[in-house]
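For my numbering, count along the sequence shown from 1 and bump the result up by 505.
The beta carbon of each residue, even a glycine, is placed where N, CA and C say it ideally should be.
All values derive from a computational prediction rather than experimental measurement.
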Amino acid sequence: MTASGEGSAGRPPEVTSPAIDVLGWLADNRELIDRGAAGPVIGGGELTVLLVEGRGPRRDYHVNSVAELFYQLRGDIVVSVRQPGRVRDILVRTGELWIAPAGVPHSPQRPVGSLGLVVERAREPGTTEAFRWFCAACDAVVFEVTGGHVQPAELRSGVAAFNASVAARTCAACGTVVPGPGD
Ligand SMILES: [Zn+2]
506 MTASGEGSAG RPPEVTSPAI DVLGWLADNR ELIDRGAAGP VIGGGELTVL
556 LVEGRGPRRD YHVNSVAELF YQLRGDIVVS VRQPGRVRDI LVRTGELWIA
606 PAGVPHSPQR PVGSLGLVVE RAREPGTTEA FRWFCAACDA VVFEVTGGHV
656 QPAELRSGVA AFNASVAART CAACGTVVPG PGD
């Protein structure tokens, strides 16, 4: 321990960022959000803050190697959480906080018109995140999109490939077919 107030990492960073008006940011970045690029409002440092608008039901589960803090700004959401042998639904209402623990598959069902913040810390280099589809009959992973930081476009093309192919939607373990979007 030193008396100078400086840690072993040297001087703390200079503060340059002003506070951000979240709803103002949303209004200014409407086009970005409409293209599916959910934030980040603030990112690139130790923490990333994403603004997420509701897009309706989804079947995929997000698996992250770090915990995620959910803060619901507008509208209630239900987060489906998969744990060995069971699926739980967690209700997160306007003004409520919830944490998705690291490594737990979670599928936020965000109604259109809802708005939430998601805060996560930077992941270590080499770690990944995944979007997984599970077999309803046997719980096996049927399909996944994985990467260091999965971009919205990558996820969308993965989802399109999955939806278009019955083979991709067929569980290798038990043969059950995950329903497509129109089924
Ligand atoms: Zn199966």
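Put residue i into one of helix, strand or coil per three-state DSSP.
i, result
"Val652", "Position check: residue 652 holds Gly in this sequence, whereas Val was assumed. DSSP places Gly652 in strand when its eight states are reduced to three."
"Ser585", "strand"
"Gly663", "helix"
"Arg674", "coil"
"Val503", "Past the edges of the chain, shown from 506 to 688, lies residue 503, and the structure says nothing about it."
"Asn668", "helix"
"Glu625", "strand"
"Ala645", "coil"
"Pro686", "coil"
"Pro610", "coil"
"Arg516", "coil"
Using 8 Å for Cβ pairs, my map puts residue i next to residue j. What's the rounded Cβ distance?
i, j, result
"Asn569", "Ala607", "6 Å"
"Ala645", "Ala672", "The pair is not a contact, with the Cβ atoms about 15 Å apart (cut-off 8 Å)."
"Gln577", "Gly621", "5 Å"
"Arg626", "Arg560", "Between Arg560 and Arg626 the Cβ distance is about 25 Å, and since that is not below 8 Å, they are no contact."
"Ala641", "Thr681", "7 Å"
State the start and end residues of the unbroken beta strand (DSSP E) segment that holds residue i.
i, result
"Ala635", "Glu634 to Phe639"
"Glu551", "Taken as a continuous stretch (DSSP letters only), Glu551 belongs to no beta strand (DSSP E), as it is neither H nor E."
"Ala605", "Leu602 to Ala605"
"Val571", "Neither: Val571 is in no beta strand (DSSP E) and is coded neither H nor E."
Quick check on the DSSP output: the alpha helix (DSSP H) that includes residue i runs from which residue to which?
i, result
"Arg591", "No alpha helix (DSSP H) holds Arg591; the beta strand (DSSP E) holding it covers Arg591 to Val597."
"Ile538", "Arg535 to Asp539"
Could you say which of the options lies nearest to residue i if we only look at CA atoms?
i, options, result
"Pro610", "Glu659, Ala665, Cys643 and Arg637", "Arg637"
"Ala658", "Val527, Ala641 and Leu537", "Leu537"
Using a threshold of 7 Å, state whether the C-beta atoms of residue i and residue j are closer than that.
i, j, result
"Val683", "Arg674", "yes"
"Val623", "Leu555", "yes"
"Ile582", "Ser612", "no"
"Ala572", "Ile604", "yes"
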